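Student: Residue numbers (the working numbering), protein chains in the order written: chain A, 2 to 306; chain B, 2 to 306; chain C, 2 to 306; chain D, 2 to 306. Take a look at this one; I'll ask things after.
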């Protein structure tokens, strides 16, 4: 498969589309981003990458994409507690809804919506000696990139106006599903979401979830084959909030989006891919990013279905 | 009407009932109360009161009953803002539900459920120069009792574990319906709920809502006749959470309950009444208090219907 | 109280208001009505009525107002079964919502929303030897008017397009809360709603709920004092769907509206009243009817609060 | 891969498990089935099948599995109308819930929950000259089995007590999303659900969704590659009601269950599989069937993730 031709063709088609959607503006720092950025990077299983076009080496705020990494770290440290405190079902609701939490006793539907990622944060800060530093070390290890770091301005910016997340965390605490102080949990959470990576770095990182040889190389103390496959299942079912079905139907790959405009996706045994375009659709997913990935699976004929 | 005989008869019947329900235990300080306390005090319009039996002069935590007083104070200071930020409909849901808030853009259904009273608190601290002191001054004036005060231990106790209220306040703040800091608003709110009064003091206070001569005496700068009647309407529709219909049906008076086990009720032009018994039914309303008031309207034939 | 002056003043004020709202059009027969009709009739307790203005003697489709009469008939025949199968709480939802039914095992919140009135219909056709004829006989007796009858064209019109009611009835049947065939129950229900009465006839009928002497004269085999008061309580809490609080707050009387544009209301020991204006507000209640009643209680100072 | 050994190992493990769950009893005819039946059949892509153990050639009621076949037939006749009237999102609710329908204007979340399959039925009877006969012809063609037929007793049994489905269909009709008479639509629907097939026949039928060569052989007038993949996506997201995430996580294959105890699943380019065990878990999916498929993907290492 000549991925280079495919990505270039998609790039040329994409840039000719009229701009649709708007940049996330509820986090002041994110609102400043140039809406016309477009990066696209693909890492084939078995090597030959990175294949990339556009702003593929420029870092951006990965936001909710980090939830997958936090989940992986939490599962590596013991899966039982995770699945007692978070479900694996699609939510069928917006990413920050409190309704299900109230009806379902403070147990989030899955670890990739905000409430679920906040519980994962709580689990991690209970387990990790230096939570933020340890998370960073893990992300640097799995990404193979020692300079990945938090953006303190973004973290502060999100913390300042994140009343909905404070509400979510306190509601779960009222049910006993948050064990640490809400302030500590959300400090960890907003730092996690403030991680900055480029498409190249993200595609390389998520190759871990596409390539059994790679994830076996991480060592036996990390995730098992079965756990990696299950993280992929969770991404497919839950990675796009109430647009998960649309993404599975139109793209056909496990993936995860962030309000910074990034999307990662995984085609097991074939490739991992990351795309970045800051304009979001009504559901909070990158408009052109989704479009690019849909064209990728159509042109290559590669999807999980 | 010989109210004395009526109250004594009810008292003697009530004490022979087997104890049902349990004392509120989610606020540690309230859990310590003697569950067998029973106070009952009635103030007839036109004088002749107080008529009382049992522990009618012992102070207890009035809790949500204070929401009516806060509403009165807020309406006196300008009704338009109040009704733009809070509705007048029964909620049909438990007192601390977040579901409707999320569906209805952070506007609470009415001022007597927790979210509504928190918005009223926000309005009051924006308006009052010294919010807690000014509230206390108002309550002392309307109750005619200069020693009424907050119970700091109860306020602290509620603040410590009130994660649900923190969630509610932050959710409303995310919709722009809380203007001050959540910490300040909830500090005011928990103090308001920590007010301690006796049945005698409560019945005397709520005579204000039953006796036009009394409320006209408060001075023209306070509530109008129409406003007093409307507060009664709100109490009837919303004073007992998702048991409002049951109370209207079984008792037939506007009223308000608190998790401290108190209930006040008003029969316009006839009497005001307060009853206290700490054991609560499943909906959070005093079990014997409701029973006593039901017998009161049956024996006297006096209700609003 | 010179009710004549009051009604004439209200009438002259009302006609000068610009027309707002629209006539119910989901039932084809109702859509044909002249939107500018306005009738208003008041029956004082103790005699002196009818006091009336406008089209007070013209019959119209009373629609949901009939639910109160059906409830009265059902309670007269045995209250226990009624309250096992229907609640007394406000619904906080539109009149034909299925959501609560699904969450609450097919038990409607109250007898004045569609699902509740359909259960009442089911109870009545199980009890009455000739259900429709017996209902008509009862309405003729309580209204004192032997010519009141069903409008078959309206009944047919509603039956034809009442998919929502068929859905409601089948959902309740799936929970076991409808015992007869859905077709029979809805045939009774649409006939009941098709009853035609004038404001004068309605005010006279509902005097029954305002005047203890009148309802005691109906005979000891009918409703007790307590039952009449409780029907008034149910009207206040539930008579205006999700606008019940607004009506209690703005008007302050127990009452019931119908999509034909009629509203009845009761001021116990003072008067009963009926008003008719076909234009409805967004909640399905008569726009000018509500306005007229609000002015009535303001001008007379008579309400239950 | 020696599928024979795998299936035999699973069979021997499964039979030693203690019986859990209960047979569907809301449809009288289904309640009569022997709960200890167990059939398992696998069709490898590229031939070599069927591989099977247990009661793999005994026919049973496929129930909701038929929804996938109806969807395929509807898509083949024109996809645009399908996706205007039904969504592709997981419902996150039980299979027969009305709540979302009411909130979402009568548009079902996806075609594999009851409301969605009822809309698909409505589409098909509008399009097909002899709807039931034409459906049967299609199923016989895709299954390669000319004796597959409806079980009239099961269809009648389901029609008689399917009040919930009547409610669902009428609710959607009130929103305009059912075009034919509810009686006709549900007659088609219950016949479709009454289809009887064996595991062998089901596995062979669903090989169509696993094997591109096979579905290309159906002819260019049928589904495209992309449509087949999308049906697989819909199965994965929506095939197990509010247990879809659990199945994706635990099994990792697109599939569909029926209350008759059958489950089909598809591993694209590898195999199709059908399993039958009538005892259901709380969510209405076959208990041992799910267990068997989970072991299948674990033992073979073959899943879509």
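Built from N, CA and C at the ideal position, the CB exists for glycine as well. Note that this is a predicted model, so its numbers are computed, not measured.
(1) Quick check: the Cα distance between residue 70(A) and residue 256(A), rounded to an integer number of angstroms?
(2) Among 272(C), 247(C), 284(C) and 269(C), whose alpha-carbon lies nearest the alpha-carbon of residue 262(C)?
(3) Roughly how far, in whole angstroms, is the beta-carbon of residue 174(D) from the beta-carbon of residue 164(C), given that I think they are within contact range, below 8 angstroms?
(4) Out of 205(D), 79(D) and 159(D), state which residue places its alpha-carbon closest to the alpha-carbon of residue 141(D).
(5) List, in order along the chain, the chain C residues whose C-beta lies closer than 7 angstroms to that of residue 105(D)?
(6) Compare the beta carbon distance of residue 63(C) and residue 281(C) with 8 angstroms and say whether it is the shorter of the two.
(7) Could you check where the beta strand (DSSP E) with residue 13(C) kicks off and where it finishes?
(8) If distances are taken between C-alpha atoms only, which option among 180(A), 155(A), 270(A) and 259(A) comes closest to residue 48(A)?
(9) Measure the CB-CB distance between residue 40(A) and residue 57(A) and report whether it falls below 8 angstroms.
(10) Mind checking if residue 230(C) is an interface residue toward chain B, Cβ cutoff 8 angstroms exclusive?
(11) Between the Cα of residue 278(A) and those of 266(A), 23(A) and 8(A), spot the shortest distance and give me the residue it belongs to.
(12) I want to see whether chain A comes within less than 8 angstroms of residue 193(D), judged by CB atoms only; does it?
(13) Consult DSSP for residue 247(A) and reduce its assignment to one of helix, strand or coil.
(14) Going along the chain, which unbroken runs of the alpha helix (DSSP H) with 4 or more residues stay wholly within the region 63-95 of chain C?
(15) Could you give the DSSP three-state label for residue 46(B): helix, strand or coil?
(16) Kindly indicate the opening and closing residues of the beta strand (DSSP E) around residue 268(B).
(17) For a contact meaning CB atoms closer than 8 angstroms, what does residue 305(B) contact in chain C?
(18) Under the three-state reduction of DSSP, which class applies to residue 291(C): helix, strand or coil?
(19) Can you pull the chain D neighbours of residue 168(C), defined as C-beta to C-beta under 7 angstroms?
(20) Can you name the residues that DSSP bridges to residue 280(A)?
(21) Does the region 178-189 of chain B come into contact with the region 117-125 of chain B, if we say contact requires no fewer than three beta-carbon pairs (one atom in each stretch) closer than 8 angstroms?
(22) How would you call residue 6(A), buried or exposed, if buried means at least 16 neighbouring beta carbons within 10 angstroms?
(23) Using the Cα positions of residue 232(C) and residue 259(B), report the straight-line distance between them to the nearest angstrom.
(24) Would residue 164(B) count as contacting chain A if we go by Cβ distances under 8 angstroms?
(25) Do residue 166(C) and residue 187(C) have their CB atoms nearer than 8 angstroms?
(26) Which bits of chain B does residue 27(C) rub up against, with CB to CB less than 7 angstroms?
(27) Could you check the C-alpha separation between residue 295(B) and residue 211(C) for me, to the nearest Å?
(28) Rounded to whole angstroms, what is the Cα-Cα separation between residue 185(D) and residue 237(B)?
(29) Compare the C-beta of residue 100(C) with all C-beta atoms of chain D and state if any pair is closer than 8 angstroms.
(30) Just verifying my parser: in three-state terms, what is the DSSP assignment at residue 33(C)?
(31) Checking 8 angstroms against the spacing of the C-beta atoms, do residue 88(A) and residue 111(A) come in under that value?
(32) Just to confirm the assignment, what range does the alpha helix (DSSP H) spanning residue 322(C) have?
(33) Can residue 215(B) and residue 208(B) be called in contact, C-beta distance under 8 angstroms?
(34) Say whether chain C places a C-beta atom closer than 8 angstroms to the C-beta of residue 237(B).
(35) Could you tell me the distance, in whole angstroms, from the CA atom of residue 27(B) to the CA atom of residue 103(A)?
(36) Residue ranges of each alpha helix (DSSP H) run of no fewer than 4 residues wholly in the region 137-193 of chain B, ordered along the chain?
Tutor: Let me lay it out:
(1) Within the first chain, numbered from 1, the residue matching residue 70(A) stands at position 69. Within the first chain, numbered from 1, the residue matching residue 256(A) stands at position 255. The alpha-carbon atoms of residue 70(A) and residue 256(A) are separated by roughly 12 angstroms.
(2) What you label residue 262(C) is simply residue 261 of the third chain in a count that begins at 1. Comparing Cα-Cα distances from residue 262(C) to each of 272(C), 247(C), 284(C) and 269(C), the minimum goes to 284(C).
(3) Taking the fourth chain and counting its residues from 1, one reaches residue 174(D) at position 173. Taking the third chain and counting its residues from 1, one reaches residue 164(C) at position 163. The pair is a contact, with the Cβ atoms about 4 angstroms apart (cut-off 8 angstroms).
(4) The residue given as residue 141(D) occupies position 140 in the fourth chain. Ranking 205(D), 79(D) and 159(D) by Cα distance to residue 141(D) puts 205(D) first.
(5) Counting from 1 along the fourth chain, the entry for residue 105(D) is found at position 104. Those do not exist, as residue 105(D) stays about 12 angstroms from chain C at its closest Cβ, beyond 7 angstroms.
(6) By 1-based counting over the third chain, the position of residue 63(C) is 62. By 1-based counting over the third chain, the position of residue 281(C) is 280. No, the Cβ-Cβ distance between residue 63(C) and residue 281(C) is not below 8 angstroms.
(7) Within the third chain, the letter at position 12 stands for residue 13(C). Looking at the DSSP string, residue 13(C) is not in any beta strand (DSSP E); the run it does join, the alpha helix (DSSP H), is 4-16.
(8) As a working mapping, residue 48(A) is identified with position 47 in the first chain. Residue 48(A) has its Cα closest to that of 270(A), out of 180(A), 155(A), 270(A) and 259(A).
(9) Position 39 of the first chain holds residue 40(A). Position 56 of the first chain holds residue 57(A). Yes, Cβ-Cβ distance for residue 40(A) and residue 57(A) is below 8 angstroms.
(10) Within the third chain, the letter at position 229 stands for residue 230(C). True, the Cβ-Cβ gap to chain B drops below 8 angstroms.
(11) The residue labelled residue 278(A) in the question sits at position 277 within the first chain. Comparing Cα-Cα distances from residue 278(A) to each of 266(A), 23(A) and 8(A), the minimum goes to 23(A).
(12) Residue 193(D) sits at position 192 when you count from the first residue of the fourth chain. No, its Cβ sits nowhere closer than 8 angstroms to a Cβ of chain A.
(13) In the first chain, counting from the first residue as 1, residue 247(A) sits at position 246. Helix.
(14) 67-77 and 80-86
(15) To locate residue 46(B), count along the second chain from 1; it is residue 45. Residue 46(B): coil per DSSP, three-state reduction.
(16) For this step, residue 268(B) is matched to residue 267 along the second chain. Counting along the chain, the beta strand (DSSP E) containing residue 268(B) begins and ends at 263-268.
(17) Position 304 of the second chain holds residue 305(B). Within 8 angstroms Cβ-Cβ: 269, 305 and 306.
(18) Position 290 of the third chain, counted from the start, is the residue given in the question as residue 291(C). In the structure shown, residue 291(C) sits in a helix (DSSP, three-state: H, G or I).
(19) By 1-based counting over the third chain, the position of residue 168(C) is 167. By Cβ distance, chain D contributes 168, 171, 172 and 175.
(20) By one-based count along the first chain, residue 280(A) stands at place 279. Looking at the DSSP assignment, residue 280(A) forms a beta bridge with 24(A).
(21) yes
(22) Position 5 of the first chain, counted from the first residue, corresponds to residue 6(A). Exposed, since its Cβ has fewer than 16 Cβ neighbours within 10 Å.
(23) Your numbering for residue 232(C) matches position 231 in the third chain. Your numbering for residue 259(B) matches position 258 in the second chain. Using only the alpha carbons, I get a separation of about 27 angstroms.
(24) The count along the second chain starts at 1 and reaches residue 164(B) at position 163. Yes, residue 164(B) lies at the interface with chain A (some Cβ there is under 8 angstroms from its Cβ).
(25) Walking along the third chain from the start, residue 166(C) turns up at place 165. Walking along the third chain from the start, residue 187(C) turns up at place 186. Yes, they are a contact pair.
(26) On the third chain, residue 27(C) is found 26 positions in, with the first residue counted as 1. Here the premise fails: no neighbours, minimum Cβ distance about 24 angstroms.
(27) Residue numbering aside, residue 295(B) sits at position 294 when the second chain is read from its first letter. Residue numbering aside, residue 211(C) sits at position 210 when the third chain is read from its first letter. Straight-line Cα distance between these residues: approximately 21 angstroms.
(28) By one-based count along the fourth chain, residue 185(D) stands at place 184. By one-based count along the second chain, residue 237(B) stands at place 236. Their Cα atoms are separated by approximately 49 angstroms.
(29) The count along the third chain starts at 1 and reaches residue 100(C) at position 99. Chain D contact via Cβ: present.
(30) The residue you call residue 33(C) lines up with position 32 of the third chain. The answer is coil: DSSP assigns residue 33(C) none of H, G, I, E or B.
(31) Position 87 of the first chain, counted from the start, is the residue given in the question as residue 88(A). Position 110 of the first chain, counted from the start, is the residue given in the question as residue 111(A). Yes. Within cutoff.
(32) It is not possible to answer for residue 322(C), since the shown part of chain C is limited to 2 through 306.
(33) In the second chain, the residue the question calls residue 215(B) occupies position 214. In the second chain, the residue the question calls residue 208(B) occupies position 207. Closer than 8 angstroms, so yes.
(34) Locating residue 237(B) in the second chain gives position 236, counting from the first residue. Chain C contact via Cβ: present.
(35) On the second chain, position 26 is the one that residue 27(B) refers to. On the first chain, position 102 is the one that residue 103(A) refers to. For residue 27(B) and residue 103(A), the distance between alpha carbons rounds to 17 angstroms.
(36) 153-162 and 164-175
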